[in-house]
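Protein chains in written order, with the working numbering: chain C, 771 to 1096; chain G, 771 to 1096.
Beta carbons: idealized from backbone N, C-alpha and C, even for Gly.
Heads up: the structure comes next, in structure tokens.
There are 2 protein chains.
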Amino acid sequence: MNKIKITLGIDIGGTNTAFGFVDQNGKMIDEVSILTKGWEEAEKLFDRIHKKVSKLYKKYSAQYELIGVGVGAPNANYYKGIIVNPPNLQWGDVDVIAQLKEYFNLPVFITNDANATAIGEMLFGAAKGMKDFIVITLGTGLGGGVVINGKVVYGADGFAGELGHTCIEPNGRKCGCGNSGCLEAYVSATGIKRTVFELLAKRMDESPLRKIKYADLNAKIIYDAAKQGDPIALEAFEYTGRLLGISLANFAVFSRPEAFILFGGLAAAGDLIMKPAKKYMEEHLLITFKNKIKILSSGLADGNSAVLGAAALAWNELDGRKVLQE
Amino acid sequence: MNKIKITLGIDIGGTNTAFGFVDQNGKMIDEVSILTKGWEEAEKLFDRIHKKVSKLYKKYSAQYELIGVGVGAPNANYYKGIIVNPPNLQWGDVDVIAQLKEYFNLPVFITNDANATAIGEMLFGAAKGMKDFIVITLGTGLGGGVVINGKVVYGADGFAGELGHTCIEPNGRKCGCGNSGCLEAYVSATGIKRTVFELLAKRMDESPLRKIKYADLNAKIIYDAAKQGDPIALEAFEYTGRLLGISLANFAVFSRPEAFILFGGLAAAGDLIMKPAKKYMEEHLLITFKNKIKILSSGLADGNSAVLGAAALAWNELDGRKVLQE
């Protein structure tokens, strides 16, 4: 009997690292999550991953054949196979491909998390069959994965698509990257929280949000307040969606995508963010683009979507890709 | 004796149409310019081009072999081979490839003028050897030609790269496209003229520009005034360069180019626009991109550069390309 081919997707995060086996149809066979322990050496994490995977694989090796490994990680460089000084991890630069190859003796591929998500959407999610689209990940920050003609755009050094760092307001809010006025400082879980605090200062309305410390406020609380009709929270979503919509119109001019795919916590707020994003995108789009570009929600199941993306990277790079397209 | 292969480049403009024979090294063998006469049918222009080319080719056919035709034109669609309702020409939609093939019986290719310029720069100009770069044409408007991994980005319908229509100022200046706040309404020959009129209203300085009607003012007059030290003209260039620089930093985030190549009348103002563009681009670039992205002037000779670009399109599409890269 021919074994069913699977790839291993690994999503390295600041707190947790998740990994799992994924078949060529995007079915997650099994999945595990462990602590990243970013204060230890990266080598130790890889060792723990390998042990867990080996144990898990014993359950499946009669039926499945592992043919490659895909890794999604912050600050990952696709060309060089390394992670460059990742935030929240005390690693410096790590040669992930070289190290993981020693453990797994299989082809290993790496890219940043937003790009892995883009490949996941293309192979298994909302972008199936599309050749030109842009994934926007809305989490703590704002990430971008740009696909043109069926390929992720990496640019001259592997760091293209950092759409969260387009300047939308010269001399605007300070951003974690060191610059000012970056999109990510407005449109992200952190951005909407900053917007709420601006609105609390600017407006006079009563609001349950006035009772929450900056350190305690998060996007979920703002979402719940908006659902209760709180005007501050509603305006914060409208403002966030407006800036997102104008930015999508600008991104569209660059590569004329078929669709934008929104992914992550803030995207899960649904109409609260989607409606103004759509409205202001259409308003600012080049005339010839109007009513032609979709805004879609992620088509990847929640929870394991980052692992699916990492596994998709491996599928996309391996011959398995041909199988998929047959 | 083997004949030297040449392509015919045709640049269709609102007023003039220029065309010429170009060899695989970008050498212009001969060149002609005729009136476009946009009030007549496109067919008549093609007929006149064909007659002129046939006559010209007689001089060269012993030594050269014409192997293809490239066309650069406003609103041209690379995928469909057509020009869509071009501004300043009373043509509606024209199937350029079908019509020109009847005359020339050779492979014909078409793209918009900014994309043709980008291919010209890649094959013959400032982008030789680069795979990721962006050409910005600064004329009456602002055009963009985006090259990623050695290929022009056309997007889902052939109209990607319209960088002049990114919104830099929501509710800002009205743009010819119908939207408001487009980059082109600020950074172009027309844009700098509008800036001068804003500054004349805002400031009190004496300036020779106060004696010129809006209808008479142009970028050349502003350039000359700046060279004479006129503070209004100098501030207009500084402001234009600043907005250009911030926009370049934003474009860079998308595709991480090796270089921007500035082309056209306003780019010819040299340091007046290049210096602020460079300064503000660096100031707004993502930290990891700083001091890595060049701003270059066009490497195509003036005057015939649009024809070189159109001819380069044909070279790039034909087998001739392989010859070039050997």
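- When secondary structure is reduced to three states using DSSP, G:T1010 falls in the helix class.
- Less than 8 Å separates the beta-carbon of C:T887 from that of C:V905.
- Per DSSP, C:L859 is not a residue of any alpha helix (DSSP H), being assigned neither H nor E.
- Secondary structure note for C:A788: its beta strand (DSSP E) is the uninterrupted segment N786 to D793.
- Following the DSSP letters along the chain, one finds C:I1065 inside the beta strand (DSSP E) bounded by residues K1064 to S1067.
- Closest option to C:A812, judged by alpha-carbon separation, among C:N795, C:V839, C:N1086 and C:G783: C:G783.
- Within the region 1023 to 1035 of chain G, those residues whose Cβ lies closer than 8 Å to any Cβ of chain C are, in chain order, V1023, F1024, S1025, R1026, P1027 and E1028.
- The DSSP-derived three-state label of C:T881 is strand.
- The residues I889, in chain order, have a CB closer than 6 Å to that of C:N1086 in the same chain once the five nearest residues on each side in sequence are set aside.
- Taking a C-beta distance under 8 Å as the contact criterion, C:D902 and C:E1005 do not qualify as a contact pair.
- Using a Cβ-Cβ cut-off of 8 Å, G:T1058 counts as an interface residue toward chain C, since at least one Cβ of chain C sits closer than that to its own.
- Within the same chain, E1052 come within 8 Å of C:N1061 by CB-CB distance, once the 5 residues on both sides are set aside.
- Assigned with DSSP and collapsed to three states, G:G779 falls in strand.
- In terms of Cα proximity to C:T785, the closest of C:L859, C:F816 and C:E801 is C:L859.
- By alpha-carbon distance to G:I1043, the top candidate from G:Y993, G:A1019 and G:S1075 is G:Y993.
- As the crow flies, the alpha-carbon of G:K829 is around 12 Å from that of G:F791.
- In the DSSP annotation of this structure, G:L870 is not part of any beta strand (DSSP E); the continuous alpha helix (DSSP H) holding it starts and ends at V866 to F874.
- Between C:F874 and chain G, the shortest Cβ-Cβ separation is not below 8 Å.
- A check of alpha carbon separations from G:C947 across G:H935, G:G796, G:I853 and G:P940 identifies G:H935 as the nearest.
- A buried status is given to C:M892, since no fewer than 16 other beta-carbon atoms sit within 10 Å of its beta-carbon.
- When DSSP reads this structure, G:M798 sits in a beta bridge with G:V792.
- Taken through DSSP and simplified to helix, strand or coil, G:N845 comes out as coil.
- If the five residues before and after C:A995 are omitted, its C-beta is found closer than 8 Å to the C-beta atoms of S977, P978, L979, I1002 and A1003, all from its own chain and listed in chain order.
- In this structure G:G925 is buried. Its beta-carbon is surrounded by 16 or more other beta-carbon atoms within 10 angstroms.
- Out of C:A868, C:L1088 and C:G928, the CA that lies nearest to the CA of C:N845 is found in C:G928.
- Counting only the Cα atoms, C:N949 lies some 8 Å from G:I1057.
- Straight through space, the alpha carbons of G:D793 and G:Q833 are spaced by roughly 12 Å.
- If only uninterrupted beta strand (DSSP E) runs of at least 3 residues are considered, those enclosed by the region 911 to 942 of chain G are 912 to 918.
- Under a criterion of Cβ atoms nearer than 7 Å, the residues of chain C adjacent to G:D927 are, in order, R1026.
- Between the region 872 to 879 of chain C and the region 954 to 963 of chain C, the count of Cβ pairs shorter than 8 Å is below three; the stretches do not touch.
- DSSP places C:I853 in the strand class (E or B) of the three-state scheme.
- Secondary structure in the region 1024 to 1053 of chain G: the beta strand (DSSP E) runs of 3 residues or longer, each lying completely within the stretch, are 1029 to 1033 in chain order.
- Residue-level contact check: C:D902 touches chain G, since one or more beta carbons of chain G fall below 8 Å from its beta carbon.
- Spanning the alpha carbons of G:K963 and G:G1079 requires a straight line of approximately 28 Å.
- Under the three-state reduction of DSSP, G:Y984 is assigned to coil, being neither helix nor strand.
- In this structure, C:G851 keeps its C-beta atom at 8 Å or more from the C-beta atom of C:I837.
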